[in-house]
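Student:
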Amino acid sequence: MVCHATYKDENGKWLFPAEAKELIAQGAKVQVGKVEKMSKSKKNTVDPNFIIEMYGDDTARLFVLSDTPPEKDMEWSDDGVEVEASTMGGKEEFFDAVEEQVDPFDDLNETEELRKRCLHELREWAKSQPHFVNCRLDSNFLLRFLRMRKYRVDLAQQVLDKYITVKTKYPMTYQKLDIHKPSLRDLISRGYVFPLPERDKDGRIVLFCIAKALDATRHKQSDVFKSFLLSFEVLMECELNQKRGINYIFTQEGYQIQHALLVGLRDLQKMVHSGEKAIPLRHKELHWMNVPKYLATLFQLLKTFLSQKLQDRIIIHNDISSLHKRFPTSMLPKEYGGTIPVREMTARWIEILDSKRDQILALDEMKVDESKRPKEKQPGRIIPRLVNSLSRMEFY
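For the sequence shown, position 350 (counting from the first letter as 1) is numbered 350 according to the UniProt record's numbering, and the numbering increases by one without interruption.
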């Protein structure tokens with residue numbers, strides 16, 4: 001059988017693991033009980049859909065098979081799942097690297113015929129999905145998925161499904177990306193994340209991210225995640241951004257431990273992982289600057305949250321002069337060698353976000369109805385013991 005630790009609040013009420021984690025983070029008293037068989041009544045359960053959406057079905061299978069010898073019970077472990085995800089991720093990245101070497105659409109190489117054919121195929125597929133509710137079918141929206149996956153329609157379908165699914169299942173993070181929310185607006189206005197007004201030499205937009213703009217007394221964890229998601233959604237509306245991708249500059253001066261505590265490393269890891277898999281955006285170069293020495297270990301940990309492909313795209317700058325070799329000073333904020341102050345750049349960005357508010361909020365109309373999702377046929381290669389193991393698990 002599959003087991004998990006049990007939790008109760010100070011009144012003796014059973015808690016889901018996620019609820020217990022949140023209360024502990026808030027400093028509330030939580031009673032950690034013994035590890036018992038997963039039970040709905042005791043709420044010591046795990047949502048299999050979350051594991052599959054976050055890490056993939058292959059990871060879920062590998063974890064159960066590798067951690068469930070027939071002769072003993074299995075204790076559910078988030079760390080164990082993440083280890084298997086890392087193993088599977090390495091395999092996926094190897095095959096991605098091979099594909100990139102032979103992929104005829106390495107730089108997309110769009111043609112009218114290719115775009116028209118793939119758009120038609122993806123649109124008709126989206127129309128045929130009974131669990132999709134109010135899915136956008138316009139070309140601008142669908143093209144971002146095709147371009148992310150270099151016109152491999154089957155992979156674009158997977159990303160589109162994941163995109164709508166995570167928006168539906170995790171509304172606290174992925175929905176209500178409202179620039180009128182005071183704390184979110186304040187975070188962006190202070191320079192936490194905003195695009196530079198000029199494109200770089202490759203024609204890419206550069207997202208500039210100032211860590212010290214985050215104030216643990218003014219901002220919430222959801223503001224951190226939503227500031228990026230809101231920026232992504234607006235930038236993805238531009239077809240040039242869909243084609244060229246986006247570069248990043250993270251400047252870490254003033255970064256404190258309380259910033260990491262506010263965000264939560266495990267939640268950040270899940271957010272980054274889902275962002276890579278479910279957000280139709282091509283992430284290119286990641287430039288890090290002014291990383292404090294005392295946070296070097298934490299920085300190395302944060303790097304592991306990224307796929308190997310993105311880790312290979314990280315560029316460390318020990319000083320501002322190193323950054324200037326890659327980006328002309330004219331496009332940077334005044335505080336980093338340019339001419340336009342951060343406050344002016346963020347003010348312009350806020351104006352754009354205001355103008356796009358209704359359009360972004362309308363994205364929340366897209367949903368999935370899991371009761372109508374087609375049942376996937378189990379591949380014949382799945383070992384019967386895996387099916388039996390999963391059937392014994394109780395989930396909420």
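C-beta: ideal position from N, C-alpha, C; glycine also.
Counting along the chain, where does the beta strand (DSSP E) carrying Cys-209 start and finish?
Tutor: Along the sequence shown, one-based indexing puts residue 209 at 209. Element bounds for Cys-209: 205–210.
Student: Out of Ala-5, Cys-135, Pro-17 and Arg-343, state which residue places its alpha-carbon closest to the alpha-carbon of Leu-187.
Tutor: The count along the sequence shown starts at 1 and reaches residue 187 at position 187. Among Ala-5, Cys-135, Pro-17 and Arg-343, the Cα nearest to that of Leu-187 is on Arg-343.
Student: Scan the segment 305–354 and note each continuous alpha helix (DSSP H) run of 4 residues or more that stays entirely inside, going in chain order.
Tutor: Counting whole runs of 4 or more residues, the segment 305–354 contains the alpha helix (DSSP H) stretches 308–311 and 320–326.
Student: Per DSSP, which one or two residues make a beta bridge with Asn-247?
Tutor: For the purposes of this step, residue 247 is taken as residue 247 along the sequence shown, with counting starting at 1. Val-206.
Student: What's the C-alpha gap between Ile-315 and Trp-288?
Tutor: In the sequence shown, the residue the question calls residue 315 occupies position 315. In the sequence shown, the residue the question calls residue 288 occupies position 288. Each residue's alpha carbon lies about 6 Å from the other.
Student: From Phe-232 to Asp-154, what distance separates their C-alpha atoms?
Tutor: Walking along the sequence shown from the start, residue 232 turns up at place 232. Walking along the sequence shown from the start, residue 154 turns up at place 154. Roughly 23 Å between the two C-alpha positions.
Student: Would the segment 342–356 count as touching the segment 308–328 if we require 3 or more Cβ pairs under 8 Å?
Tutor: At 8 Å Cβ cutoff, the stretches do not touch.
Student: Under 8 Å by Cβ, that's how I've got Ile-179 and Ile-350 pegged, so tell me the actual separation to the nearest angstrom.
Tutor: Within the sequence shown, numbered from 1, the residue matching residue 179 stands at position 179. Within the sequence shown, numbered from 1, the residue matching residue 350 stands at position 350. With a Cβ gap of about 7 Å, Ile-179 and Ile-350 count as contacting.
Student: Measuring alpha carbon to alpha carbon, tell me which of Gln-158, Phe-16, Leu-196 and Glu-253 ends up nearest Met-38.
Tutor: For the purposes of this step, residue 38 is identified with residue 38 of the sequence shown, where counting begins at 1. Among Gln-158, Phe-16, Leu-196 and Glu-253, the Cα nearest to that of Met-38 is on Phe-16.
Student: Hey, could you find the ends of the alpha helix (DSSP H) His-120 is sitting in?
Tutor: Within the sequence shown, residue 120 is the residue found at index 120, counting from 1. Segment 112–128, the alpha helix (DSSP H) holding His-120.
Student: If you check the beta carbons only, do Val-286 and Leu-235 fall under 9 Å apart?
Tutor: Position 286 of the sequence shown holds residue 286. Position 235 of the sequence shown holds residue 235. A small fix is needed here, since residue 286 is Leu in this sequence, not Val. For Leu-286 and Leu-235, no; Cβs fall outside 9 Å.
Student: Under 8 Å Cβ to Cβ from Trp-125, same chain only, skipping five residues before and after it: list those, please.
Tutor: As a first step, residue 125 must be located in the sequence shown, where it is residue number 125. Correct list, in chain order: Val-153 and Gln-157.
Student: For Tyr-248 and Pro-374, I'd like the C-alpha separation in whole angstroms.
Tutor: If you number the sequence shown from 1, residue 248 lands on position 248. If you number the sequence shown from 1, residue 374 lands on position 374. One C-alpha to the other measures close to 38 Å.
Student: Which term fits Arg-244, buried or exposed, when burial requires 16 or more other beta carbons within 10 angstroms of its beta carbon?
Tutor: Position 244 of the sequence shown, counting from 1, holds the residue named residue 244. Classification of Arg-244: buried, given that the 10 Å Cβ count is 16 or more.
Student: For Thr-45 and Thr-6, I'd like the C-alpha separation in whole angstroms.
Tutor: If you number the sequence shown from 1, residue 45 lands on position 45. If you number the sequence shown from 1, residue 6 lands on position 6. One C-alpha to the other measures close to 9 Å.
Student: How long is the line joining the alpha carbons of Asn-140 and Ile-352, rounded to whole angstroms?
Tutor: In the sequence shown, counting from the first residue as 1, residue 140 sits at position 140. In the sequence shown, counting from the first residue as 1, residue 352 sits at position 352. Rounded to whole angstroms, Asn-140 to Ile-352 spans 18 Å at the Cα level.
Student: On a CA-only basis, which of Leu-306, Pro-292 and Asn-290 is nearest Lys-284? Give me that one, please.
Tutor: Your numbering for residue 284 matches position 284 in the sequence shown. For Lys-284, the nearest C-alpha among the options comes from Leu-306.
Student: So for Thr-165, helix, strand or coil by DSSP?
Tutor: Within the sequence shown, numbered from 1, the residue matching residue 165 stands at position 165. Helix.
Student: Going by C-alpha to C-alpha distance, which of Arg-136, Asn-109, Thr-111 and Glu-110 sits closest to Leu-122?
Tutor: Within the sequence shown, numbered from 1, the residue matching residue 122 stands at position 122. For the residues Arg-136, Asn-109, Thr-111 and Glu-110, the minimum Cα distance to Leu-122 belongs to Arg-136.
Student: Give me, in chain order, the residues of the same chain whose beta-carbon lies closer than 6 Å to that of Asn-241; leave out the 5 immediate sequence neighbours on both sides.
Tutor: As a working mapping, residue 241 is identified with position 241 in the sequence shown. For Asn-241, where only same-chain residues beyond five positions count, the Cβ hits under 6 Å are Ile-205 and Leu-235.
Student: If we call anything under 9 Å between Cβ atoms a contact, is Ser-227 one with Val-193?
Tutor: Within the sequence shown, the letter at position 227 stands for residue 227. Within the sequence shown, the letter at position 193 stands for residue 193. Yes; because the gap between Cβ atoms is below 9 Å, this pair is in contact.
Student: With a CB to CB cut of under 8 Å and the five nearest residues on each side skipped, what residues in its chain are close to Ile-340?
Tutor: Walking along the sequence shown from the start, residue 340 turns up at place 340. Correct list, in chain order: Pro-197, Pro-333 and Lys-334.
Student: Please report the residue range of the beta strand (DSSP E) in which Lys-284 lies.
Tutor: For this step, residue 284 is matched to residue 284 along the sequence shown. Element bounds for Lys-284: 283–289.
Student: Run through DSSP, which three-state label would Ala-213 get?
Tutor: Taking the first residue of the sequence shown as 1, we reach residue 213 at position 213. In this structure, Ala-213 counts as helix in the three-state DSSP scheme.
Student: Using the Cα positions of Val-166 and Arg-149, report the straight-line distance between them to the nearest angstrom.
Tutor: Here residue 166 refers to the residue found at position 166 when the sequence shown is read from its first residue. Here residue 149 refers to the residue found at position 149 when the sequence shown is read from its first residue. The alpha-carbon atoms of Val-166 and Arg-149 are separated by roughly 18 Å.
Student: For the beta strand (DSSP E) that contains Glu-36, what are its first and last residues?
Tutor: Here residue 36 refers to the residue found at position 36 when the sequence shown is read from its first residue. From DSSP, the beta strand (DSSP E) with Glu-36 extends over 30–37.
Student: In three-state DSSP terms, what is Asp-223?
Tutor: Your numbering for residue 223 matches position 223 in the sequence shown. Reduced to three states, the DSSP call for Asp-223 is helix.
Student: Use the C-beta contact count for Pro-69: other C-beta atoms within 10 angstroms, 16 or more gives buried, fewer gives exposed.
Tutor: By 1-based counting over the sequence shown, the position of residue 69 is 69. In this predicted model, Pro-69 has a pLDDT of only 49, less than 50, meaning its place in the structure is not dependable; the value taken from the coordinates is given anyway. It counts as exposed.
Student: With 16 as the cutoff for other CB atoms within 10 Å, does Pro-195 come out buried or exposed?
Tutor: Working through the sequence shown from its first residue, we reach residue 195 at position 195. Buried is the call here.
Student: Ends of the alpha helix (DSSP H) at Asn-134?
Tutor: Translated into positions along the sequence shown, residue 134 becomes position 134. Neither: Asn-134 is in no alpha helix (DSSP H) and is coded neither H nor E.
Student: If we count the other Cβ atoms within 10 Å of its Cβ and call it buried at 16 or more, is Phe-95 buried or exposed?
Tutor: Looking up residue 95 in the sequence shown gives position 95. Confidence is the limiting factor: at Phe-95 the pLDDT is only 41, short of 50, which leaves the residue's position unreliable, though a coordinate-based value still follows. Label assigned to Phe-95: exposed.
Student: Starting from the C-beta of Thr-329, find all residues in its chain whose C-beta is less than 6 Å away, skip the five residues before and the five after it, and write them out in chain order.
Tutor: The count along the sequence shown starts at 1 and reaches residue 329 at position 329. Closer than 6 Å at Cβ, skipping near neighbours: Gly-337 and Gly-338.
Student: Reducing DSSP to helix, strand and coil, say where residue 398 ends up.
Tutor: Residue 398 lies beyond the residue range present for the chain, which begins at 1 and ends at 396; the question has no answer from this structure.
Student: Could you give the DSSP three-state label for Phe-94: helix, strand or coil?
Tutor: Here residue 94 refers to the residue found at position 94 of the sequence shown. For Phe-94, the pLDDT reaches just 46, beneath the cut-off of 50, and the residue's location in the model is therefore unreliable, although a value from the coordinates is still provided. Three-state DSSP puts Phe-94 in a helix.
Student: State the start and end residues of the unbroken alpha helix (DSSP H) segment that holds Asp-358.
Tutor: In the sequence shown, counting from the first residue as 1, residue 358 sits at position 358. Unbroken alpha helix (DSSP H) run through Asp-358: 357–361.
Student: According to DSSP, what are the bridge partners of Ala-5?
Tutor: One-based indexing of the sequence shown puts residue 5 at position 5. For Ala-5, which the question treats as bridged, DSSP gives the partners Val-35.
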